[in-house]
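S.K.:
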Amino acid sequence: VGAAILIALILVTLVARSMVRPLRTLRDSALKVAHEDLAREVEHVRSDGKEFPVQPIPVHTTEEVGQVAHAVDELHQQAIALAGEQARLQLQVTDMFETLSRRNRSLVDQQLSLIDRLERDEDDPERLESLFRLDH
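Quick note: the sequence shown uses this note's numbering, first residue -15, plus one each step.
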């Protein structure tokens, strides 16, 4: 009876360890992703513009713990993909504003040039004063 209880305790301990070890690995890896890896990788994607595959959480089981580890890996990869998309959109918006700025500057320069020509050709002092107010 004592030997059976001892064997049962050993089996319970082994089963508990086999369940706790992947959970601990999952927890530690998920926290590392949340507090270290993700911020670093997002910054890398934003500065470089290139996405890269994430390192999977080292839980090698197909049971629930392994499925949760896989889900965390997928979430991690999606966050990297979203950061890449956001970086691309920011570049596009920046390019758009630069283009609009250049176009606006060109139009303003054209208007000032036209006003200068009108000022040179104007003899009426009242109209000339109005033109001066436009470009000063």
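A virtual CB, placed ideally from N, CA and C, is assigned to each residue, including glycine.
1) Answer with buried or exposed for Gly(-14), where buried requires no fewer than 16 other C-beta atoms within 10 angstroms of its C-beta.
2) To the nearest angstrom, report how far apart Val77 and Arg86 are at their CA atoms.
3) Can you find a CB in chain C that lies within less than 8 angstroms of the CB of Arg5?
4) With distances taken from CA atoms, which of Ser13, Glu113, Arg111 is nearest Asp57?
5) Answer with buried or exposed for Glu69, where buried requires no fewer than 16 other C-beta atoms within 10 angstroms of its C-beta.
6) Buried or exposed: which applies to Ile41, given that a residue is buried once 16 or more other Cβ atoms fall within 10 Å of its Cβ?
7) Which ranges does the alpha helix (DSSP H) cover as unbroken runs of at least 4 residues, wholly within the region 17 to 58, from first to last along the chain?
8) Taking the alpha-carbon positions, what's the Leu59 to His44 distance?
9) Nearest-angstrom Cα distance between Glu47 and Gln62?
10) Under three-state DSSP, which class holds Val92?
11) What is the DSSP secondary structure of Glu113, counted as helix, strand or coil?
12) Could you compute how far the alpha carbon of Gly33 sits from the alpha carbon of Arg11?
13) How about Gln95: is its Cβ closer than 7 angstroms to a heavy atom in the ligand HEM?
M.R.: Well, looking at it:
1) exposed
2) 14 angstroms
3) Among the protein chains of the structure shown there is no chain C, as only one such chain exists.
4) Ser13
5) exposed
6) buried
7) 22 to 32
8) 18 angstroms
9) 23 angstroms
10) helix
11) helix
12) 29 angstroms
13) This structure lacks the ligand HEM; in fact it carries no ligand of any kind.
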